[in-house]
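S.K.:
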Amino acid sequence: MSGWDGFLHGLSVATQPGVLIYCAFGVVLGTFVGVLPGIGAMATISLLLPITYYLSPEAALVMLAGVYYGSQYGGAVASILLRLPGTPQSAVTTLDGYPLAQQGRAGVALFTSMISSFSGSMIGIFVLIVLSGALARAAIAFGAAEYAAMMILGLVAASTVGAKDPAKSLAMVVLGLILGCVGTDVNSGVQRFTFGQTELMDGINLVALAMGLFGVAEVIANIHAAERTGVPPRVALRELLPSRAELRRIPFPALRGASLGSFFGALPGTGSTISSFLAYAAERRISRHPDRFGKGAIEGVAGPEAANNAAAISAFVPTLALGIPGDPIMALMLGALVIHGVQPGPLMLEARPDMFWGLIASFGIGNLLLLILNLPLIGIWVSMLRIPFRWLYPAILIFVCLGVYSVRGSSFDMFAVALIGLVGYALSLARFNPALLLLGFVLGPLIETNLRRALLIARGDPMVFLQRPLAAAFMIAAAGLIVMSLVQVIRRRMRA
Amino acid sequence: MKRDIPDLAGGVILAGIGLFVSLYAVDHYEIGSLRRMGPGFFPAVLGGVLACLGVVIALPALVRQGPAIRIAWKECLAVLGAILVFAAGLDRLGLALVTLISVLIASVAAPDRRIGWRIVLALTVTALSVAVFSFGLKMTVPLWPGR
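From first to last, the protein sequence lines are chains A and B. The first sequence begins at -19 in my numbering and counts up by one. The second sequence begins at 16 in my numbering and counts up by one.
Here is the structure:
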């Protein structure tokens, strides 16, 4: 099935009422949590994971993905109105969005962010269609060595690119890999690190881990922080329309941002947050009036917002085509696919075309819905910012408990969530990134299996990772990243 | 004396975990060879790597001023307390009662000191969770004490 045929077939899947309604629910919920500072896409997707057991795999994935890209739309709202990023991806939007709001142009900033987000997503979808099919076909030739090397590169990239302290990021990834070892070893059947607990035989529950690290820990950290929001200004519908001069300044920054975003989103380790910062820097560099940036430049909203949405979509390229998630949210998506018995990777295109193309087509539909819904509903989203966090978090906690319990009716998992939540809070206090732990946790078993297989085939010769050209390229790139970040750290220490 | 306490503690704990994992794997599971890795191989290596990273994190933290951190004790206790009570009480007290109690415990951490809104919130969340999970999703949990 070629790209466009596939996309058309996907549309027929994604427009089924049973899928469409979850798509709509996902994007609306995504916008909602994106708008609210204090709860993000990561926490919401973990919260929804247990509910997806009640849905068809297509509906489940379409909904979860909708939450993710929907949150990118919502994230800009609080950034622009309150200078409080609703999501990390929209942090850079505060730089020019908030000054615009102070000049009474909040509506224009919101319009710019919505329209740029939409165009970014569309370009991201195009890239996804072109790349993922081709990549999946190429990846059929991948052996275990290539897979292992590629995953190692992904983990190294995620923990070194843009990290302040690469040692701390790497430590989180490795801790995640170790936690991934808990449970029955697939090769030998040996119980590893279960300490006699039968509940741990299947490994640590992904739902419990994600909910503890993101749901519980974020609630603890945000009860106080999220309460100090200011009062957002009211935005009337007709304030949304930009003047003609402002309108002209949207398309090219959005296009450039989208191209940057779809490129970096598809690479492992560089997600939508980094893309949005890169897009902002690029806009400022090529602008003829760089001094306007930071004082309310439309370009400074359009570029990053297009970039983070494009990156959110193109991040699905490695996840769907190779079965290798490039960032923690994609790791959760991968986990959701596996929960539903879908093995992501090159074979998914052949084995589950409905799932593969339906998901991609749903991105198009979901983004269209977001555009149609969000422009008229903007007043409602703005008023959401007035809900105090104290009305929400107790409900979130109950939802966490019942969600975890519903997976297999085990009270053990609820106690585990409390413990993991405590650990997650401690990690965020000490500035360790728990998202990388989750990435390691999901990839751990995959890496171990492929590593063991590759070495078995090569009769125990570790040189196999350097003799096969593609595997060697991945390994060298990973080594290069480690060396680069080492140099950076040493240079910073010398200066300090 | 300059110390970066969060990094120092974090590094030491991670190094400890790494060391434990490595030694435990070597002691309890078969290591095997590169060609036929046993179940202990991967965790033993990872534990070693984590121990090294822990040391790398902790050492420079000895001679560096760290950022001040504020531990949200009250929030932590209220949130974890609510979850623990919920976990322990779900089977015995039933969904309705345990939700009510847990929401009240969780709301202790809120900066608003008044009482009225807590009761309204607890009743609302209870009604919602019973409606969604018990009637909507038909989850098999006892609704009231002693079924």
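Note that beta-carbon positions come from the ideal geometry of N, C-alpha and C, so glycine has one too.
(1) Quick one: using the 10 Å Cβ neighbour count with 16 as the cut-off for buried, is V403 of chain A buried or exposed?
(2) Count the other CB atoms within 10 Å of the CB of W(-16) of chain A; is the residue buried (16 or more) or exposed (fewer)?
(3) Counting only beta-carbon atoms, is S36 of chain A nearer than 8 Å to chain B?
(4) State the DSSP-derived secondary structure class of R228 of chain A, mapped to helix, strand or coil.
(5) Note down, in chain order, each residue of its chain lying with its Cβ closer than 8 Å to the Cβ of V154 of chain A, except the 5 sequence neighbours on either side.
(6) Classify R473 of chain A: buried if its beta carbon has 16 or more other beta carbons within 10 angstroms, exposed otherwise.
(7) With DSSP as the reference, label D155 of chain B as helix, strand or coil.
(8) Beta-carbon within less than 7 Å of S36 of chain A's beta-carbon, same chain only, minus the 5 sequence neighbours each way: which residues are those?
(9) If A89 of chain A and V281 of chain A are in contact, beta carbons under 8 Å, what's the gap, nearest whole angstrom?
(10) Please state the DSSP three-state secondary structure of T67 of chain A.
(11) Below 7 Å on C-beta distance, what does R107 of chain B contact in chain A?
(12) Note down, in chain order, every chain B residue with its Cβ under 8 Å from the Cβ of P374 of chain A.
(13) Name the chain B residues whose beta carbon is nearer than 8 Å to that of I309 of chain A?
(14) Would you list the one or two residues that DSSP bridges to T164 of chain A?
(15) According to the neighbour-count rule (16 or more other Cβ atoms, all chains shown, within 10 Å of its Cβ), is F343 of chain A buried or exposed?
(16) Applying a beta-carbon distance threshold of less than 7 Å, which residues of chain A neighbour I130 of chain B?
(17) Using the beta-carbon count (16 or more within 10 Å), is Q80 of chain B buried or exposed?
(18) I think G100 of chain A touches G251 of chain A, with their Cβ atoms under 8 Å apart; what is that distance to the nearest whole Å?
(19) So which residues on chain B does S391 of chain A lean against when the C-beta distance must stay under 8 Å?
(20) Distance, Cα to Cα, G142 of chain A vs F273 of chain A?
(21) Going by beta carbon distance, what residues of the same chain come within less than 7 Å of V41 of chain B, once the five residues before and after it are set aside?
(22) Which same chain residues, not among the five before or five after G19 of chain A, have their C-beta less than 6 Å away from its C-beta?
(23) Classify G156 of chain A as helix, strand or coil using the three-state DSSP reduction.
(24) Would you mind telling me which residues of chain B sit closer than 7 Å to M394 of chain A, beta carbon to beta carbon, in chain order?
(25) Could you confirm whether any beta carbon from chain A is found closer than 8 Å to the beta carbon of D127 of chain B?
(26) Tell me the rounded alpha-carbon separation between L349 of chain A and F101 of chain B.
(27) Measure from the alpha carbon of L229 of chain A to the alpha carbon of each residue in A:P17, A:V196 and A:H269, then state which is nearest.
(28) To which residues does DSSP link G47 of chain B through a beta bridge?
(29) Taking CB distances under 8 Å as the criterion, tell me whether D42 of chain B reaches chain A.
(30) On the three-state DSSP scale, how would you describe I293 of chain A?
(31) A111 of chain B versus chain A: which residues are under 7 Å apart at the beta carbon?
(32) Please state the DSSP three-state secondary structure of L77 of chain B.
(33) Thinking C-alpha only, which one of A:M102, A:V469, A:L16 and A:A114 is nearest T67 of chain A?
(34) Leaving out five residues on either side along the sequence, give the residues of the same chain with a beta carbon under 7 Å from the beta carbon of Q183 of chain A.
(35) Taking only beta-carbon positions, decide if I84 of chain B is within less than 8 Å of chain D.
(36) Suppose only complete runs of 4+ residues qualify. What are the alpha helix (DSSP H) ranges in the stretch 275 to 359 of chain A, listed by chain order?
M.R.: This is what the structure holds:
(1) Position 423 of the first sequence, counted from the first residue, corresponds to residue 403 of chain A. The residue in question, V403 of chain A, is buried, as its Cβ has 16 or more Cβ neighbours within 10 Å.
(2) Here residue -16 of chain A refers to the residue found at position 4 of the first sequence. Burial call: exposed.
(3) Translated into positions along the first sequence, residue 36 of chain A becomes position 56. Chain B contact via Cβ: absent.
(4) As a working note, residue 228 of chain A is residue 248 in the first sequence. Helix.
(5) Stepping through the first sequence from its first residue, residue 154 of chain A is reached at position 174. Only G420 meet the Cβ criterion.
(6) As a working mapping, residue 473 of chain A is identified with position 493 in the first sequence. With fewer than 16 Cβ atoms within 10 Å of its Cβ, R473 of chain A is classed as exposed.
(7) The sequence position of residue 155 of chain B within the second sequence is 140, counting from 1. Checking the sequence shown, residue 155 of chain B turns out to be Thr, not Asp. The answer is coil: DSSP assigns T155 of chain B none of H, G, I, E or B.
(8) Reading the first sequence from its first residue, position 56 is the one you call residue 36 of chain A. Sequence-distant Cβ neighbours of S36 of chain A in its own chain, meaning closer than 7 Å and more than five residues away, are G(-2).
(9) Here residue 89 of chain A corresponds to residue number 109 of the first sequence, with the count starting at 1. Here residue 281 of chain A corresponds to residue number 301 of the first sequence, with the count starting at 1. Right, the Cβ-Cβ distance comes to about 5 Å (below 8 Å), so this counts as a contact.
(10) Looking up residue 67 of chain A in the first sequence gives position 87. It is coil, neither helix nor strand.
(11) Against the second sequence, residue 107 of chain B aligns to sequence position 92. Chain A residues near R107 of chain B: none, gap ~10 Å exceeds 7 Å.
(12) The sequence position of residue 374 of chain A within the first sequence is 394, counting from 1. Under the 8 Å cutoff, chain B gives A97, S117, V118, A121, S122, L136, A137 and V140.
(13) As a first step, residue 309 of chain A must be located in the first sequence, where it is residue number 329. Under the 8 Å cutoff, chain B gives no residues; its nearest Cβ is about 23 Å from I309 of chain A.
(14) Indexing the first sequence from 1 puts residue 164 of chain A at position 184. For T164 of chain A, which the question treats as bridged, DSSP gives the partners A:Q171.
(15) On the first sequence, position 363 is the one that residue 343 of chain A refers to. By the 10 Å Cβ count, F343 of chain A comes out buried.
(16) Counting from 1 along the second sequence, the entry for residue 130 of chain B is found at position 115. Near I130 of chain B there are no residues of chain A at all, since even the closest Cβ is about 13 Å away, more than 7 Å.
(17) Here residue 80 of chain B is taken as the residue at index 65 of the second sequence, counted from 1. Burial call: exposed.
(18) Position 120 of the first sequence, counted from the start, is the residue given in the question as residue 100 of chain A. Position 271 of the first sequence, counted from the start, is the residue given in the question as residue 251 of chain A. At roughly 14 Å, the Cβ-Cβ gap does not stay under 8 Å, so G100 of chain A and G251 of chain A are not in contact.
(19) If you number the first sequence from 1, residue 391 of chain A lands on position 411. Within chain B, the residues near S391 of chain A are A102, A103, L105 and D106.
(20) By one-based count along the first sequence, residue 142 of chain A stands at place 162. By one-based count along the first sequence, residue 273 of chain A stands at place 293. In a straight line, the C-alpha of G142 of chain A is about 22 Å away from that of F273 of chain A.
(21) Position 26 of the second sequence, counted from the start, is the residue given in the question as residue 41 of chain B. Around V41 of chain B: G55 and A59.
(22) Indexing the first sequence from 1 puts residue 19 of chain A at position 39. Gly is not the amino acid found at residue 19 of chain A; the sequence shown has Ile there. V13.
(23) Looking up residue 156 of chain A in the first sequence gives position 176. Correct three-state label for G156 of chain A: helix.
(24) Locating residue 394 of chain A in the first sequence gives position 414, counting from the first residue. By Cβ distance, chain B contributes I98, F101 and A102.
(25) Within the second sequence, numbered from 1, the residue matching residue 127 of chain B stands at position 112. Judged by the 8 Å Cβ criterion, D127 of chain B is in contact with chain A.
(26) Indexing the first sequence from 1 puts residue 349 of chain A at position 369. Indexing the second sequence from 1 puts residue 101 of chain B at position 86. Spanning the two alpha carbons is a distance of roughly 38 Å.
(27) Locating residue 229 of chain A in the first sequence gives position 249, counting from the first residue. First, the amino acid is wrong: residue 229 of chain A is Arg here, not Leu. Closest by alpha carbon: A:H269.
(28) Within the second sequence, numbered from 1, the residue matching residue 47 of chain B stands at position 32. Per DSSP, B:M52.
(29) By 1-based counting over the second sequence, the position of residue 42 of chain B is 27. No, D42 of chain B lies away from the interface with chain A (no Cβ there is under 8 Å from its Cβ).
(30) Position 313 of the first sequence, counted from the first residue, corresponds to residue 293 of chain A. In this structure, I293 of chain A counts as helix in the three-state DSSP scheme.
(31) Working through the second sequence from its first residue, we reach residue 111 of chain B at position 96. Ordered by position in chain A, no residue passes the 7 Å Cβ test against A111 of chain B, which lies about 12 Å from the chain.
(32) Residue numbering aside, residue 77 of chain B sits at position 62 when the second sequence is read from its first letter. Coil.
(33) As a working note, residue 67 of chain A is residue 87 in the first sequence. Answer by Cα proximity: A:L16.
(34) The residue labelled residue 183 of chain A in the question sits at position 203 within the first sequence. The amino acid occupying residue 183 of chain A in the given sequence is Gly; Gln does not appear at that position. Closer than 7 Å at the Cβ level, and outside the excluded window around G183 of chain A, lie V162 and G163.
(35) No chain D appears in the structure shown, which is made up of the protein chains A and B.
(36) Segments of the alpha helix (DSSP H) lying fully in the stretch 275 to 359 of chain A: 279 to 294, 296 to 302, 308 to 319 and 328 to 331.
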